[in-house]
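Participant: Protein chains in written order, with my numbering: chain V, 1 to 245; chain G, 1001 to 1245; chain Y, 2001 to 2245.
From the three backbone atoms N, C-alpha and C, an ideal C-beta is built for every residue, glycine too.
Note that the structure is predicted; figures quoted are calculated from it, not measured.
Take a look at this one; I'll ask things after.
And the structure:
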């Protein structure tokens, strides 16, 4: 069984964290909360997301797994006004999720979890370097890079965290010193990433004051941030692109 | 002759009431005011609209009938700023309408009324049930239904007014008790309507605090509301769709 | 050499003045400031623009000429927040412009000026009549005309400045008396212009409180306004269309 009440904007933000990578997801429900692990169709990026029971206004659940169409939930959430809450209730007999917002009740058919791509194994990577920065500043940098290129180089050099994108003729570079970052653990780091992916991932991340980036040399990047005032976490893993210069 | 001054936003709203169903309309002008009756090209919905002379700041008219292109008037009204007034004057000799907004004067060619579809006969229906509700709440319900279906069921059951839409797999339902409505006259009511039409009709209706809905079993719906602080009325009649389940 | 600091919104507005007519421009840099003269690809309109060194927060320059892609600068300026400043520095060795906004540094490849259409010779016209009016009011008139036609007649008659557009069936006319204008020098004036061009030109002009229009009979129009609180000027010259009635 599953029955929960949650702030509508928190649910919207949670769905966005997943929907930048996948259209459907398997939600693992337990008495402790909800978690999702998903990989994008091209196997380039992974997301691992969890929302603890404490992040909900009400939460009652036994172990179960449900498949949901993220686009549909997103559509439904469009009805919610600011500060409204959403009530969720699983109808196990019919395999439907009952979603109530104000006077509206939606009956959403669940997807058979076995038809959704299985959960990826998130690799345990030891990455040598780390920076913590404001999500909105990270997003501004990514948006600036998107103007001229489709990939971006992230690295650390002389205790400076840099993001650099090069187009056919032009270049953009953002240098951030230890002072401009919230925290930094310097190390051997220089990897290139697709802006298609990074641009999507920083959208939900931009709402967070502290985004932790773990990075190495030609290694995947790990991007973590806290949601729901500490009641949950979102973690992205993005594979590097090969530098061809 | 026809010469009138009216608040620009009131004229805009009046045009919208008509333009959700038709592109051109025959305006019947008399010393008492202006009225329009029109039916959409597919014969599914009718509108009957009137604006009394008292709703105008100035109004002088003899009996006449003019055809106007609603899209054009709408375009012209885009120039009007908030709280501006619009002066209208019919030039009978040239069959043009002179429209003045601030320093702008438009000379709009009238359409020959005989080229516009003739006025429909609005059937006098005795519908068994009635609900009165806030226009904006009605619109929210219709928008929610549009997310998952192209038709909606409206009905009354056990003194509850319900709106229900069913998609291929999902369902949305809004229940409104007598307390949540402004007024209700229960009766045998359950009819299905196209959301294409109802979605258009509730746009102008959403600005009204009180929308009166008259409904029966597999009968057309009548949707009435007052405009211009009581200086006019808008009435829609929408044919039901046949339930195919 | 060239090194300058300028308010971001002032630079954006300056680029817009040029980009409504051309995509690339030759910037003439001198110790006194920056100037551009350009003609649109169809030879219908010319712009002459200058920004004095005093309009910059810092300005150091020797004589030089650089070609720049206006679309790219515009894209880059999208990163600037309100009240931010932009630092420009010319790297003569590599023929690149270094653009710094906050923590971002862009390296923009310059265009070879010889590949950009050469500066037009701006004809010295003695136009008989002149009106000075608010840029936003001018824009409103042009937008009203665009609703019904693709050309507009500007003229003076009996000390009234008029703008008149005629569509296939409809007409819009704006009359402005001496009182409604900031200033007027009446004279023989009546010329027709393409709204495609005039609509573009009034976009940047609409931000100015005083736009000076010089006009004659079937002659080009000159449209001048001050930018940067008097630290620069923008001048457009637009060829008339032939009246075919």
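1. Between 102(V), 5(V), 74(V) and 112(V), which lies nearest to residue 61(V) when the distance is taken from Cα to Cα?
2. Can you list, in chain order, the residues of its chain with a C-beta nearer than 6 Å to that of residue 1190(G)? Leave out the 5 residues immediately preceding and following it.
3. According to DSSP, simplified to helix, strand and coil, what is residue 42(V)?
4. Between the stretch 1217-1234 of chain G and the stretch 1047-1056 of chain G, can you find at least three pairs of beta-carbon atoms closer than 8 Å?
5. What are the start and end residues of the alpha helix (DSSP H) that includes residue 2017(Y)?
6. Just to check my reading of the structure: residue 2130(Y) and residue 1103(G) have Cβ atoms closer than 8 Å, yes? What is that Cβ distance to the nearest angstrom?
7. Please list the residues of the stretch 2066-2087 of chain Y that have a C-beta atom closer than 8 Å to any C-beta atom in chain V, keeping them in chain order.
8. Which same chain residues, not among the five before or five after residue 2119(Y), have their C-beta less than 6 Å away from its C-beta?
9. In whole angstroms, give me the CA-to-CA distance for residue 2124(Y) and residue 2043(Y).
10. For a contact defined as C-beta to C-beta under 7 Å, what are the partners of residue 1104(G) on chain Y?
11. Would you verify that the beta carbon of residue 140(V) is, or is not, closer than 8 Å to some beta carbon of chain Y?
12. By a C-beta neighbour count over all protein chains shown, 10 Å radius and 16 as the cutoff for buried, is residue 58(V) buried or exposed?
13. Hey, residue 1040(G) and residue 1207(G): beta-carbon distance below 8 Å or not?
14. Could you name the residues of chain V that residue 2109(Y) contacts, counting a contact when the two beta carbons are closer than 7 Å?
15. If the cut is a Cβ gap below 9 Å, which residues of chain Y does residue 222(V) touch?
16. Any beta carbon from chain Y within less than 8 Å of residue 147(V)'s own beta carbon?
17. Tell me where the alpha helix (DSSP H) around residue 2137(Y) begins and ends.
18. What in chain V is Cβ-close to residue 1130(G), meaning under 8 Å?
19. By the three-class DSSP mapping on this structure, what secondary structure does residue 1158(G) have?
20. Rank 2008(Y), 2238(Y) and 2024(Y) by C-alpha distance to the C-alpha of residue 2117(Y) and give the top, closest one.
21. How should residue 2019(Y) be labelled, buried or exposed, when 16 other C-beta atoms within 10 angstroms of its C-beta is the threshold for buried?
22. Taking the beta carbon of residue 242(V) as the centre, do at least 16 other beta carbons fall within 10 Å, making it buried, or is it exposed?
23. So residue 1180(G) contacts chain V; which residues on that side make the cut at Cβ distance below 8 Å?
24. State the start and end residues of the unbroken beta strand (DSSP E) segment that holds residue 1107(G).
25. Assign residue 1054(G) to one of two classes, buried (16 or more other C-beta atoms within 10 Å of its C-beta) or exposed (fewer than that).
26. According to DSSP, simplified to helix, strand and coil, what is residue 2163(Y)?
27. Mind the definition here: the stretch 1089-1105 of chain G touches the stretch 1063-1078 of chain G only if three or more C-beta pairs lie below 8 Å; say whether that holds.
28. Just checking: is the beta-carbon of residue 72(V) within a distance shorter than 8 Å of some beta-carbon in chain B?
29. CA-CA distance, residue 94(V) and residue 1170(G)?
30. Is residue 33(V) buried or exposed, if buried means 16 or more other CB atoms sit within 10 Å of its CB?
31. I need the straight-line Cα distance from residue 2148(Y) to residue 2161(Y), nearest angstrom please.
32. Can you tell me where the alpha helix (DSSP H) holding residue 2088(Y) begins and where it ends?
33. Can you find the residues in the same chain that come closer than 7 Å, C-beta to C-beta, to residue 2263(Y), ignoring five residues on each side of it along the sequence?
34. Determine the closest residue to residue 1194(G) out of 1165(G), 1228(G) and 1214(G), with distance taken between C-alpha atoms.
Facilitator: So, to answer that:
1. 5(V)
2. Hits under 6 Å: 1155 and 1217.
3. Residue 42(V): coil per DSSP, three-state reduction.
4. Enough Cβ pairs lie closer than 8 Å, so yes.
5. 2008-2019
6. About 19 Å separates the two Cβ atoms, so there is no contact after all.
7. 2072, 2075, 2076, 2078 and 2079
8. 2037
9. Roughly 16 Å between the two C-alpha positions.
10. Those are 2144, 2172 and 2174, listed as they occur along chain Y.
11. yes
12. By the Cβ-count criterion, residue 58(V) is exposed, with fewer than 16 other Cβ atoms from all chains shown falling within 10 Å of its own Cβ.
13. no
14. 169 and 170
15. Neighbours of residue 222(V) on chain Y: none; closest Cβ ~23 Å, over 9 Å.
16. yes
17. 2135-2146
18. Simply none; closest approach about 20 Å.
19. coil
20. 2024(Y)
21. That one is buried.
22. exposed
23. 103
24. 1104-1109
25. By the neighbour-count criterion, in which 16 or more other beta carbons inside 10 Å mark a residue as buried, residue 1054(G) falls on the exposed side.
26. strand
27. yes
28. Annotation note: the requested chain B is absent from the structure, which comprises protein chains V, G and Y.
29. Straight-line Cα distance between these residues: approximately 12 Å.
30. buried
31. 20 Å
32. Unbroken run through residue 2088(Y) is the beta strand (DSSP E), 2085-2091; no alpha helix (DSSP H).
33. Outside the shown range of chain Y, which is 2001 to 2245, sits residue 2263(Y), and nothing can be said about it.
34. 1165(G)
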